[in-house]
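Engineer: In this note's numbering, the protein residues as written are 28 to 215. Positions of the beta carbon are idealized from the N, C-alpha and C atoms, including for glycine.
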Amino acid sequence: MKTIHRLALAVVMLAAATCAADEFAEPAPGAARTPAWCSLGLGWGGSSNDYGGDTLQNASYLLAFSAQKGAGIFTLRYTNLDNGRSEGDLAALYEHAFSRRRMLVSGGLGLGLRHESVHTVTWAPVLADKSWPGDTDGELGLAWSLQAVTRMHEAAGVGFTAYGWTNGDVSQVGMGLVMQFGWMAGRD
């Protein structure tokens, strides 16, 4: 898991280095809107409940809502790892934008509430929470996020995201493509 975290951090740091010369774009004269957007992510992920090594073996989904003020981005996100237990987090994060002119490159930390559900197949689907001893469903943990997304258009962007959650006992990571829609600070 540590290798995956380091790889994701390296990718975002490389993207940030290429954008380091960017100055923060000033809002257009008369612009009254605060940059805000919805993010939809699809990729692969893994959980420390599933494996002992660095494996991204399950589909991973992300839905987030963000608002930006200066270099600060406030995000509410929901993640889901489709591994038969549908685990993920509901998190509130503060992210810092390292660049936002041609690309939005940001990293953030926050608090996440872990969710986990087991889908049992019988004659009718049954949703069972906390299905085994030692389950950490509902526990608070540290949520993190890294992203590099284009800002070539004011209403949409596409890029790469890596995100995760940990509380010391259980950790999850997901990474993949992300699409953002909304009112964004475009390029000059």
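Skipping 5 residues on each side, what residues in its chain have a beta carbon closer than 6 Å to that of Ala151?
Structural biologist: Because Ala151 sits at a pLDDT of 41, beneath the cut-off of 50, its placement in the model cannot be relied upon, and the following sentence gives the value as read from the coordinates. For Ala151, where only same-chain residues beyond five positions count, there are no Cβ hits under 6 Å.
Engineer: I'd like the span of the beta strand (DSSP E) that includes Val176, first residue to last.
Structural biologist: Taken as a continuous stretch (DSSP letters only), the beta strand (DSSP E) holding Val176 covers 167 to 177.
Engineer: Would Gln199 be called buried (16 or more neighbouring beta carbons within 10 Å of its own) or exposed?
Structural biologist: Buried: at least 16 other Cβ atoms inside 10 Å.
Engineer: Ser133: buried (16+ other C-beta within 10 angstroms of its C-beta) or exposed?
Structural biologist: With 16 or more Cβ atoms within 10 Å of its Cβ, Ser133 is classed as buried.
Engineer: Could you work out which residue in Trp171, Arg128, Val176, Arg129 is closest to Leu140 when comparing CA atoms only?
Structural biologist: Among Trp171, Arg128, Val176, Arg129, the Cα nearest to that of Leu140 belongs to Trp171.
Engineer: Would you grab the beta carbon distance between Leu89 and Gly201 for me? Rounded to a whole angstrom, and I think it's under 8 Å.
Structural biologist: Confirmed, about 7 Å.
Engineer: Taking Cβ positions, are Cys65 and Phe208 nearer each other than 8 Å?
Structural biologist: Contact flag set, yes.
Engineer: Could you check the C-alpha separation between Ser144 and Asp109 for me, to the nearest Å?
Structural biologist: Near 10 Å, if we compare the C-alpha coordinates of Asp109 and Ser144.
Engineer: Under 6 Å Cβ to Cβ from Thr193, same chain only, skipping five residues before and after it: list those, please.
Structural biologist: Excluding positions up to five away in sequence, the list reads Gly168, Leu169.
Engineer: Which residues does DSSP list as the beta-bridge partners of Met206?
Structural biologist: Paired residues: Leu67, Val185.
Engineer: Short of 6 Å in beta carbon distance, which residues of its chain neighbour Gln174, apart from the five on each side in sequence? Order them along the chain.
Structural biologist: These residues qualify, in order along the chain: Ser133, Thr188.
Engineer: Roughly how many angstroms lie between the CA atoms of Ala222 and Thr102, to the nearest whole one?
Structural biologist: Absent from the model: residue 222. The displayed extent of the chain is 28 to 215, so no value can be given.
Engineer: Measure the Cβ-Cβ separation of Gly203 and Leu69 and say whether it is below 8 Å.
Structural biologist: Their beta carbons are under 8 Å apart, which means Gly203 touches Leu69 by this criterion.
Engineer: Taking the alpha-carbon positions, what's the Leu117 to Arg127 distance?
Structural biologist: The straight-line gap from Cα to Cα measures roughly 25 Å.
Engineer: Please say whether Ser74 and Val205 have beta carbons closer to each other than 8 Å?
Structural biologist: No.
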